[in-house]
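Worksheet: the structure to be examined is printed underneath.
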Amino acid sequence: MFRFLMMTVFAVAFTATPIAVPVAAKDLGKPQEEVVLTVSNAAVTNMDGAAVLDLAMLEQLGARSFETTTIWTDGPQQFDGVSLATLIDALGMQGDALRATAINDYSVTIPLEDISDEGAMIAFRMNGAPMSVRDKGPLWIVYPYDSDPRFQTEIIYSRSIWQLDRLEVLN
Amino acid sequence: MTGSAPMTPRVRILIPAVLFSLAFAAVAVFGSHILRDVQDLNAAHKDNLQWSLSQTDVEFLEFYTALVAAEGDGDGDLNTLRREFDIFYSRIRILNEAELYAPLRELPRLRTALGRVDGFLQAALPAIDASNVELRQNLPDLAEQAAEIRPVVRDLSISALGHLVALTDARREQTGRTLVWLGLSVGGLIVALLALAGYLNHLNSQNVRRRAEVVEASRRMNVVMGTSLDGVIISDTTGRILEFNAAAEQIFAIPAQEVIGRDLADVIVPDHHKAAHAAGMARLRNGGTRRVVGSGRVRLEAKRATGEVFPVELAIQSAETAQGEIFVAFLRDISAQVAAEEELVSARDLALAGEKAKTNFLATMSHEIRTPLNGLLGNLTLLQDTRLTARQRRYIGNMETSGKLLLSHINGVLDITKYDAGRLHLRPVVMNISDLVQDIIDNQSASAAANQSVLEWQWDGPAKNWIRADKDRLQDILMNLVGNAVKFTHNGRIRVTLACLGRENGLQIVVEDTGIGITPDQIRHVFEDFVTGDSSYARNVGGTGLGLALTKRFVTALGGHIDVESTPGQGSSFIVELPVEEAEPPQPAGPIHARQARGNPITGPRKVLLVEDNPINRDVAREMLRAAGHYVVEAHNGREAVDLARAGRFDLILMDISMPVMDRRSATRAIRALNGPASLTPIVALTANVMAEEQAAFLEDGMDGILTKPLSKDALLGLFSSGALPEQVDEICDQKEPAVSDEHLQSLKQALSPDGARVIVARFCKEIDELIGWLGQEEGEQRQDLPRIAAEAHKSAGSAATIGALCLRRQLIAIEEAAKSGSPTDLALAIDGLPAIWLATQSALKSAA
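Top to bottom, those sequences are chains A and B. Quick note: to get the working numbering, add 1 to the position in the first sequence (first position is 1). For the record, in the second sequence the residue sitting at position 676 is 658 according to the working numbering, with numbers rising by one throughout.
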């Protein structure tokens, strides 16, 4: 009951949050290293109608970090990454939802309205070290699960996609 | 409200509230469970766990496929193989490390499988991470190992899935149970809500009803107050008027809207009661004693708006209200009632005065009738002592009978008047009832014999002769009953039977006759006033009809009752039952001595002062006394009596009780106040009014006895023998002046022969007798001839001097002087004194001879 209420409250809060006006197409630059993330259907592109980013480019968008436990790991973990919201702003993504797809083609759809600054983050370092594919790397959408019970739901868990390599804006 | 539930309203409202809260809490708890379960179920198709598990299989196959492909193609891309390995490696690592899979890792089969797969991966790591060349060399080994591990991976996912299915089933079951509980809770909540709704509805209807009742009661109260005939005023403790109904408006002549809110004291309390009212209100407020409030009806005075003060009757009650104590006064203008009461009181006073006047009138009239009647009867008695022919004697006898009957009627009326005026007083004395009955039988025997009837009496059972009772009343009762029986019985028998009643010292007197009897119609009225029996018979026997009425009054006065039984033509029977006190027989000395004394009257003549204003009665008394040889000096009123009593000594003063000039009481007191022996002279009242309290008053005033009129010769002369009078101390002539001087008589005898002296004395006696006779005859006329009286007295005085009758001579000189001086009173006194002195002189002469 309580949880339901809280969700409703937040849903309203999100709705009220103005989505940032798309920034003028700015030059993303070209990836210098291995491409870790390809964003398609975004306003900002740098290669073949898509935006491709390496770890350095992601880090430049604005690093964020938090510590939390996850149901897939043992003990608290320190995550560094970039907020999904920051990325959306940066790439001028406009639409209803975001489809995130992993290396193994697992995909999940996240409504844009559910994305907040304090919510989903594309983590690229765990416990200070880059994540390998063998350890859910290189990119993992994580939430600060411990900070709020609303991040401890099955939906949130299902959106916590690891081995992320593609994002697509759905209209 | 039903009184069966001892619960307070608060408890009653608490129970459904608690019930409701419990049900609501249950629904909330179960609801949250349901929500969680539903969310869980919603999330199931995306379940990370299941996905991960199935992905284990898929990702292993991807890896295996890549491995097989790399092995088959000598120059194939190894990066794909490495990525697929990494993906699978990551998956197994998650299965090994994730908290999520901790429960799964508890499963032995899964743990074993997971250990083997992990072992395969760890073994494969060096080959995968080695250079392409080395990897290619190791591919066949890897493929072989992967083929071996494949069923293990399969087993891993299947066993995990099996467990998850069981978990899901358990959760579904749990959800089902939760749903059932939710249903029950909702049901309970609904029931609780329904109960609450029902209860609220009940409360509401109760409130509605109560409100209606209150409205109704208020409306009714307004109607009651509005239509009340009594003024209703409601005030608070400060005396401020809160309500003032229509009747109050009318009573106080002021409209309600002008007085509401004002102080009672200013509106209805009269000015002279304001201080008391203020004190009373202050006492009320301070919780002191409440004199008017709650003490029922009180009469007070109130004030109208016009300032008029009028009497009210009011009752005040106090009541507690939400606004504090109030006082409700009901008041009524009782001006009319008070006026009516006053009128009633004055009417009653008038009626009482009228009744008193009537009684007085009757008493006075009876008295006034009795006085001449006494004269008549007294004179008849005197007449009987004169020489009469037989016819005259018969006529006189008839006159006397009629006179006595008339007297008894008057006495009857007087007695009834006295009884009804409550002045009938009992005088119980020790008496012999047998003697009384015998006397009455003796008295009535002649009458009975005249009717050829037999009259007899007897005791039924043991006799009780001596009793203490009111003898006069008993005598009246018996006389009446026996007299009636005798009157109404011819050729029959009258029997008086006395009997002692066992209880209460009762005495029963039965008077039976075999006379004409009384009809049933008459018997009911027989004891009423002025009732006579058969009218034709009444003519025969006469009667006022008061006899039985009086008898019944006397019987009642004595504490008894009277009954009558009668059969017309056969006879009547009157039964009297009285409480009587048994008494010891008195010492025989008194009455016997008296009787003896009466039989042998003291012969010595006495000097009597007779005070009586009525000339006839005076004559009767005087003649009776003189006939018995006593000397009588007369006085016409109290003052004369006092003067005479002072002048000469008397053996007895007989005094009528009602006299002009100076009344009996003053005269008696004046005589008692005289100096010397005169003050001790016995005074006996003569009265027709024999009322007990009057008798007491007479004796208190200094009188020594009472004689009842009509005077009977026996009673009058009995005075002289009853021992009531002192010894005869007073000679007619005192010691210094003897009636007859022995010296003179002796010298006369010496001068003449004793015989000669006797002749002289005899002649002297004749002369004086003639003189007294002449003076006594027709005295009114004779006394006009004063010179002759003086001459005769002078002549006889000379004769008296001759024989030495000095006392007589002095009296004759006194007559002569009185006649000469022309004073009729002195003359009368002197003449009246003559016979007594003459009697004394005669006796002295006899003894001397």
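The beta-carbon is built from N, C-alpha and C at its ideal position, and this holds for glycine as well.
Classify His618 of chain B as buried or exposed, calling it buried when 16 or more other Cβ atoms lie within 10 Å of its own Cβ.
buried
Who does Ile308 of chain B pair with in a DSSP beta bridge?
B:Asp218 and B:Ala301
Have a look at the DSSP bridge pairing and note the partners of Ser735 of chain B.
None; Ser735 of chain B has no bridge partner.
Would you mind working out which of B:Ala773, B:Gln319, B:Arg279 and B:Ala333 sits nearest Val310 of chain B, comparing C-alpha positions?
B:Arg279
Determine whether the beta carbon atoms of Asp55 of chain A and Glu35 of chain A lie at a separation below 8 Å.
yes
Can you look up Val614 of chain B in the DSSP assignment and give me helix, strand or coil?
strand
For the alpha helix (DSSP H) that contains Glu350 of chain B, what are its first and last residues?
Ser317 to Gln366
Who are the Cβ neighbours of Leu171 of chain A in its own chain at under 8 Å, not counting the five residues just before and after it?
Asn42, Gly96, Asp97, Ala98, Leu99, Arg100 and Thr110
For a contact meaning CB atoms closer than 7 Å, what does Ile134 of chain A contact in chain B?
For the sequence presented, residue 134 of chain A should be read as Val rather than Ile. Arg65, Asp68, Ile69 and Ser72, listed in chain order.
Express the C-alpha separation of Arg65 of chain B and Gly93 of chain A in angstroms, rounding to a whole number.
31 Å
Cut-off 7 Å between Cβ atoms - residues of its own chain near Val468 of chain B, not counting five sequence neighbours on either side
Gln426, Ser429, Ala430, Asn433, Ser435, Leu437 and Ile476
7 Å Cβ cut-off: residues of chain A touching Arg75 of chain B
Arg135 and Asp136
Does Phe125 of chain A come out as helix, strand or coil in the three-state DSSP assignment?
strand
Taking the beta carbon of Arg369 of chain B as the centre, do at least 16 other beta carbons fall within 10 Å, making it buried, or is it exposed?
exposed
Short CB-CB distance (under 8 Å) between Trp73 of chain A and chain B
yes
Once you ignore the five residues that flank Leu6 of chain A on each side, which residues in its own chain have a CB closer than 7 Å to its CB?
Low local confidence applies: a pLDDT of 46 at Leu6 of chain A is under 50, so the model's placement there is unreliable, and no value is given.
Run through the DSSP bridge pairs and tell me what Phe67 of chain A is partnered with.
A:Phe80
Going by DSSP, which residues form a beta bridge with Val291 of chain B?
B:Lys285
Under 7 Å Cβ to Cβ from Asn487 of chain B, same chain only, skipping five residues before and after it: list those, please.
Pro561, Val562, Glu563 and Glu564
Under a three-way DSSP split, which group does Gln490 of chain B fall into?
strand
Under a CB-based cut-off of 8 Å, is Ala129 of chain B close to chain A?
no
Starting from Gln420 of chain B, trace the beta strand (DSSP E) both ways and give me its first and last residue.
Not the beta strand (DSSP E): Gln420 of chain B falls in the alpha helix (DSSP H), residues Ile415 to Ala432.
Any Cβ of chain A within less than 8 Å of the Cβ of Ala8 of chain B?
no
Just the chain A side, please: which residues come within less than 7 Å of Leu82 of chain B by C-beta, in chain order?
Ile72 and Trp73
When the Cα of Thr471 of chain B is compared with those of B:Ser555, B:Tyr83, B:Glu198 and B:Ala179, which residue comes out closest?
B:Ser555
Would you say Asn105 of chain A lies against chain B (beta-carbon separation less than 8 Å)?
yes
So with Cβ pairs under 8 Å, would you call Val24 of chain A a contact of chain B?
Residue placement at Val24 of chain A cannot be trusted, given a pLDDT of 43 that sits under 50; what the coordinates show is reported in the next sentence. With 8 Å as the cut-off, Val24 of chain A does not count as an interface residue toward chain B.
Using a Cβ cut-off of 8 Å (strictly closer), state whether Gln95 of chain A contacts chain B.
no
Taking the straight line between their C-alpha atoms, what separation do you get for Ser778 of chain B and Val615 of chain B?
21 Å
Going along the segment 35 to 49 of chain B in order, which residues come within less than 9 Å of chain A, judged by CB to CB distance?
Gln37, Val40, Glu41 and Glu44
Closer than 8 Å, CB to CB, is Glu79 of chain B near chain A or not?
yes
Of the choices A:Met122, A:Pro32 and A:Leu29, whose alpha-carbon is the least far from that of Ser66 of chain A?
A:Met122
How is Asp633 of chain B classed by DSSP in three states: helix, strand or coil?
coil
Chain B contacts made by the segment 137 to 159 of chain A, where a contact means CB separation under 9 Å:
Lys137, Gly138, Thr154, Glu155, Ile156, Tyr158 and Ser159
Which residues of chain B have a Cβ atom closer than 8 Å to the Cβ of Gln61 of chain A, listed in chain order?
Simply none; closest approach about 26 Å.
What does a CB cutoff of less than 8 Å around Ile157 of chain A pick up in its chain, not counting 5 residues either side in sequence?
Tyr144, Tyr146 and Arg151
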